[in-house]
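Protein chains in written order, with our numbering: chain Y, 0 to 173; chain Z, 0 to 173.
Think of the CB as a built atom: it goes at the ideal place given N, C-alpha and C, for glycine as much as any other residue.
Presented below is the structure to which this report refers.
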DNA sequence: ATCCTTGGCTACCGTCGGGTAACCAACAAA
DNA sequence: TTTGTTGGTTACCCGACGGTAGCCAAGGAT
């Protein structure tokens, strides 16, 4: 039986779907071209919609950005991003975009900083406190190594091989 | 005595000065606001000039960008960028801008990749081959740790302290 | 069957930014 | 002094982008 609430729910679902579609498109295009490099119209078209849909679901570009940042920082990139490098390329690009944005916009900065902190905490719980180094410090170093190697490797996979990546992670994970 | 060549030289010098002034302004503004965030007019005005001066000295925005990249990759940031953190903020921001640009523009990508490689080589010469790890690999790891820690520390200096930075560099430099 | 809400579309505006062309002043060459 | 060149300014064009307003159709409510 189909009730009125049922309809209302389907309605909300459809709206959520368009929101998701827009966020997906923004995530992909902004990763590919940079935040200022993809316009709202580009994003809407990529989602099979028009710019109006964006303004119907978000108050503006920065709102869309913050919503994406919100969703992005909930979902977890697994540790060791460089493991499958082709797959990691776009997420890392977007992460760097967000880092830059956060460095310049204070209100977004704390959110990214918090995400990093949460990631470190999660990671630290996997490390037993050993060798005199606190586990949270070790987590910070692991993230740093992972990130620093990924940046070099994505830019120049020939000269920064998978073996170097493995050696780095081994060193920091003892 | 003032010869004709003397004049010609002063002329060339003045031109070189305006070029430098434009490059300086671009370096600062692009670091502060991002490459797409500062227009040619902004840059020219910051240098006390007008947009026309840019087009008199460079063929366009990307040419100015490449010239700056060229100059930037000649000058050397010392290793351990995070040592004096306030001083490092802008250079690191610009470096990340360049990294992103290089990841998306193939023709610029190899230049940045080469710069990284040269940095690694220079660094590697300071490392004796020891403990079974090749010195060039150690250089890669040192850069990765330095960079990864700097990114985290610039974003959140409270939670990523100088001690952690020191510990990371110690670990990788043995 | 009728009304009204909602979600998305279309057309439009103002601004901004890269790029161009005409112009002009300083200055070197004669 | 006159002439030509060079370095920079001014005014303008055009496309793109963020944002707004009015419209319209789908589809729930009554």
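query: In this structure, does DSSP put residue 128 of chain Y in helix, strand or coil?
result: coil
- Which stretch, first to last residue, makes up the alpha helix (DSSP H) that contains residue 134 of chain Y? 134-154
(Q) Give me the residue from Y:103, Y:86, Y:161, Y:10 with the minimum Cα distance to residue 31 of chain Y. (A) Y:86
**Asked** Name the chain Y residues that come within less than 8 angstroms of residue 98 of chain Z, Cβ to Cβ?
**Response** 95, 150, 154
Under 8 angstroms (Cβ pairs) to chain Y, residues found in the stretch 123-136 of chain Z:
132, 136
* Check whether the stretch 87-103 of chain Z touches the stretch 138-155 of chain Y, counting contact only when three or more Cβ pairs, one atom from each stretch, lie closer than 8 angstroms. => yes
>> Taking the straight line between their C-alpha atoms, what separation do you get for residue 166 of chain Z and residue 37 of chain Z?
In response: 37 angstroms
Helix, strand or coil for residue 55 of chain Z per DSSP? helix
Interface residues of chain Z facing residue 143 of chain Y [CB-CB closer than 7 angstroms]:
144, 147, 148, 151, 167
- Does the stretch 112-127 of chain Z come close enough to the stretch 144-151 of chain Z that 3 or more CB-CB pairs lie under 8 angstroms? no
Contacts that residue 170 of chain Z makes with chain Y (C-beta to C-beta distance below 8 angstroms) = 140, 170, 171
Please report whether the beta-carbon of residue 111 of chain Z lies at a distance below 8 angstroms from any beta-carbon of chain Y. yes
- request: Verify whether the separation of the beta carbon atoms of residue 68 of chain Y and residue 25 of chain Y is less than 8 angstroms.
  value: no
query: How would you write the range of the alpha helix (DSSP H) that residue 39 of chain Z sits in, first residue to last?
result: 39-45
Practice task
For residue 49 of chain Y, I'd like the list of residues in its chain whose CB is within less than 6 angstroms of its CB, leaving aside the five on either flank, ordered along the chain.
Solution key: 43
With residue 52 of chain Z and residue 21 of chain Z assumed to form a contact (beta carbons below 8 angstroms), what rounded beta-carbon distance in angstroms separates them?
7 angstroms
Secondary structure of residue 157 of chain Y, DSSP reduced to three states:
coil
| request: Answer yes or no: do residue 119 of chain Z and residue 139 of chain Z have a C-beta to C-beta separation smaller than 8 angstroms? | output: yes
Original post:
Helix or strand or just coil, what does DSSP make of residue 34 of chain Z?
Top reply: coil
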